[in-house]
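J.:
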Amino acid sequence: MKKGMAYEDELINGDKDLLALLKGADPADLGVLVDFLTDSGKGRLAMASDVRKALEHAKRQNKYSHDELLLLIRELQHFGGNSVANLVRRTGVPYAEIVRDVLKYVGGKIDNESVEMLELKILEKLVAKAWEKMSERERAEFARNFHAAHGPLDLGLAAVLAAVRAGGLNAAKAALMAVGSVATLLAEGAFSVGASAVAGRAAGLALGPIGALVAGAAGVQMLAKEAYRVTVPCVAQIAYIRQKQAANAAAP
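Mind the numbering: the sequence shown is residues 1 to 252 in the numbering used here, read in order.
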């Protein structure tokens, strides 16, 4: 039994906390993660076809076994961390490293904080970027979804971000909005500065100085974009799962 547990721990880089979180998630919320990982079933170059089929099967059944959750976590880890490097090496990294990498990518500051707090920082950045692109009417409609015990919050961005920072139900609502906006933000190059810095670092790790030169900036950016199309929305969705569970636990 110990040998089996040790192997499992190695398989998912010790991410037992993430495994426990996903075990308590609604199957529909896990299905969103599967869509991000598999490109809605179309498959990705960095994913084996048998893995895609297994995850798609679990989604169709609306039920995830222990082994299927391990598979889901492992595949996320393969896209994570220094994303270009792991697309090439396929080694995978712990979820906490993925979160730190995504936070840096979206322009956030990494402090010595818990994974949950770093996730909230990512949500703040995603919401703020999406807010920039909203009309005044869209901003008002979005802000009205945030409520405090004493009534509606101020409709400004600062109040919305403060609500996100507090965690719980408001953060879960923000996470849903963030998940829905990621594809557009990435397509429009909202984080291009962060993408260049992270891609350059990762290319050196994955390909070496000569390989990075041969691949060229366009090739590196393409690999980075593929990876972040997975890791950014997955982290936002996991943040949603975490905050949703926290809100449910706090409900009377």
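All C-beta atoms in this analysis are idealised placements derived from N, C-alpha and C, irrespective of residue type, glycine included.
1. Tell me the residue span of the alpha helix (DSSP H) that contains methionine 134.
2. Consult DSSP for arginine 44 and reduce its assignment to one of helix, strand or coil.
3. Could you tell me which whole alpha helix (DSSP H) segments of length 4 or greater appear in the stretch 24-80?
4. Should serine 181 be labelled buried (16 or more other beta-carbon atoms within 10 Å of its own) or exposed?
5. Which residues in the same chain as valine 179 place their Cβ atom closer than 8 Å to its Cβ, once the five residues preceding and following it in sequence are excluded?
6. Which residue marks the beginning of the alpha helix (DSSP H) containing valine 164, and which one marks its end?
7. State the DSSP-derived secondary structure class of isoleucine 98, mapped to helix, strand or coil.
8. Let me know if aspartate 101 comes out buried or exposed under the rule of 16 or more other beta-carbons within 10 Å of its beta-carbon.
9. Whole-angstrom Cβ separation of glycine 167 and alanine 251, contact assumed at under 8 Å?
10. Using the C-alpha atoms, what's the distance from histidine 66 back to histidine 57?
11. Would a C-beta distance cut-off of 9 Å place leucine 76 and tyrosine 105 closer than the cut-off?
12. Measuring CB to CB, does glutamate 119 end up less than 9 Å from arginine 165?
13. Tell me which residues share the same chain as glutamate 68 and place their Cβ nearer than 6 Å to its Cβ, disregarding the 5 neighbours each side in the sequence.
14. By Cβ distance below 8 Å, which residues in the same chain neighbour methionine 134 in space, the five residues on each side in sequence not counted?
15. Quick check: lysine 129 and leucine 185, are their CB atoms within less than 9 Å of each other?
16. Go through its chain and collect everything with a Cβ distance to leucine 169's Cβ below 7 Å, but skip five positions before and after it.
17. Is the CB-CB distance between glycine 108 and valine 93 below 9 Å?
T.: Let me lay it out:
1. Position 134 of the sequence shown, counting from 1, holds the residue named residue 134. Careful: methionine 134 lies outside any alpha helix (DSSP H) and carries neither H nor E.
2. Here residue 44 corresponds to residue number 44 of the sequence shown, with the count starting at 1. Arginine 44 falls in the coil class under three-state DSSP.
3. Counting only runs of 4 or more residues that sit fully inside the stretch 24-80, the alpha helix (DSSP H) segments are 27-38, 49-61, 66-79, in chain order.
4. The residue given as residue 181 occupies position 181 in the sequence shown. Looking at its Cβ environment, which holds 16 or more other Cβ atoms inside 10 Å, serine 181 is buried.
5. Translated into positions along the sequence shown, residue 179 becomes position 179. Cβ neighbours of valine 179 beyond the five flanking positions: Val32, Pro233, Ala236, Gln237, Tyr240.
6. Reading the sequence shown from its first residue, position 164 is the one you call residue 164. Run containing valine 164: 157-166, per the alpha helix (DSSP H) assignment.
7. For the purposes of this step, residue 98 is taken as residue 98 along the sequence shown, with counting starting at 1. DSSP, read as helix, strand or coil, puts isoleucine 98 in helix.
8. Taking the first residue of the sequence shown as 1, we reach residue 101 at position 101. That one is buried.
9. In the sequence shown, the residue the question calls residue 167 occupies position 167. In the sequence shown, the residue the question calls residue 251 occupies position 251. The C-beta distance from glycine 167 to alanine 251 rounds to 14 Å, too long to fall under 8 Å, and the pair is not in contact.
10. The residue labelled residue 57 in the question sits at position 57 within the sequence shown. The residue labelled residue 66 in the question sits at position 66 within the sequence shown. When the Cα atoms are used, histidine 57 and histidine 66 turn out to be separated by approximately 14 Å.
11. For the purposes of this step, residue 76 is taken as residue 76 along the sequence shown, with counting starting at 1. For the purposes of this step, residue 105 is taken as residue 105 along the sequence shown, with counting starting at 1. Not in contact: leucine 76 and tyrosine 105 (Cβ atoms no closer than 9 Å).
12. One-based indexing of the sequence shown puts residue 119 at position 119. One-based indexing of the sequence shown puts residue 165 at position 165. Taking 9 Å as the cut-off, the Cβ atoms of glutamate 119 and arginine 165 do not count as close.
13. The sequence position of residue 68 within the sequence shown is 68, counting from 1. The answer, listed in chain order, is Ala58.
14. For the purposes of this step, residue 134 is identified with residue 134 of the sequence shown, where counting begins at 1. In chain order, Phe142 place their CB closer than 8 Å to the CB of methionine 134, counting only its own chain and leaving out the 5 sequence neighbours on each side.
15. Residue 129 sits at position 129 when you count from the first residue of the sequence shown. Residue 185 sits at position 185 when you count from the first residue of the sequence shown. Yes.
16. Residue 169 sits at position 169 when you count from the first residue of the sequence shown. Closer than 7 Å at Cβ, skipping near neighbours: Ala247.
17. By one-based count along the sequence shown, residue 108 stands at place 108. By one-based count along the sequence shown, residue 93 stands at place 93. Contact flag unset, no.
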